[in-house]
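Report on one structure; see the data block that follows.
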Amino acid sequence: MELLGTTQAVAGQFYALQQELVSLKPTLILLCSDKKLPHHALAFDFYQGTGYLSIVKQWSQVELSQVFNLFFLSAKHGLIHASELIEPYEQVMTDERVSTLGANKVLVSKAQRHIQSMNYDALYTSCYQNGIKRPFLS
1 MELLGTTQAV AGQFYALQQE LVSLKPTLIL LCSDKKLPHH ALAFDFYQGT
51 GYLSIVKQWS QVELSQVFNL FFLSAKHGLI HASELIEPYE QVMTDERVST
101 LGANKVLVSK AQRHIQSMNY DALYTSCYQN GIKRPFLS
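In the working numbering, the protein residues as written are 1 to 138.
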């Protein structure tokens, strides 16, 4: 019984250390893109945009994840981790969509959990900035 308690304590300390290390890395929030794969894939692979994504994707997801907490702001799924598996969709980020995201308690709760552990430095357009601030940081 004592070994089990020690194992649980070590696991708890490991989790706390892992969370601290995650919070020390800067967070990079990338935008979803119009061009997407026609099948389910990890968010990092799913979005196929040619602008900033072509620059970012010079490195593998593994390489980027060693330096950044990597997320996407999805017009359908809200704030998602780059390693999250997603299905194909067609949705555009508009002010109306931002309001819809903000009304979805499940997506807001998920985003807030991500945000609580973030040390974030992000670049995004004003529409996407509103997409983060209005529904998730209010």
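For glycine and all other residues, C-beta sits at the position ideal for the given N, C-alpha and C.
Residues near residue i by beta carbon distance below 7 angstroms, same chain, minus five either side
i, result
"Phe46", "Lys36, Leu37, Ile86"
CB contact flag (residue i, residue j, <7 angstroms)
i, j, result
"Ile29", "Leu101", "no"
"Leu70", "Leu64", "yes"
"Lys110", "Phe68", "no"
Beta-carbon proximity list for residue i, same chain, < 6 angstroms, skipping 5 on both sides
i, result
"Asp34", "none"
"Glu84", "Ala43"
"Cys32", "Tyr47, Phe72, Ser74, Ala75"
"Gly49", "Ser33, Lys35"
"His114", "Leu79"
Rounded Cβ spacing between residue i and residue j (contact assumed at less than 8 angstroms)
i, j, result
"Ala75", "Phe44", "At roughly 17 angstroms, the Cβ-Cβ gap does not stay under 8 angstroms, so Ala75 and Phe44 are not in contact."
Contact with chain D by residue i, beta-carbon distance below 7 angstroms
i, result
"Lys105", "Absent from the structure: chain D. Only one protein chain is present."
Alpha-carbon to alpha-carbon, residue j and residue i
i, j, result
"Leu107", "Val98", "11 angstroms"
"Gln116", "Thr27", "12 angstroms"
"Gln66", "Gly51", "23 angstroms"
"Ala103", "Ala41", "26 angstroms"
"His77", "Val62", "22 angstroms"
"Phe8", "Lys105", "Correcting the residue type first, residue 8 is Gln in the shown sequence and not Phe. Approximately 32 angstroms, taken between the alpha carbons."
Neighbourhood of residue i by C-beta, 8 angstroms cutoff - its chain only, sequence neighbours within 5 removed
i, result
"Leu53", "Leu30, Ser33, Tyr47"
"His39", "Pro88"
- Query: Between the segment 76–95 and the segment 50–60, do three or more beta carbon pairs fall short of 8 angstroms?
  - Reply: no
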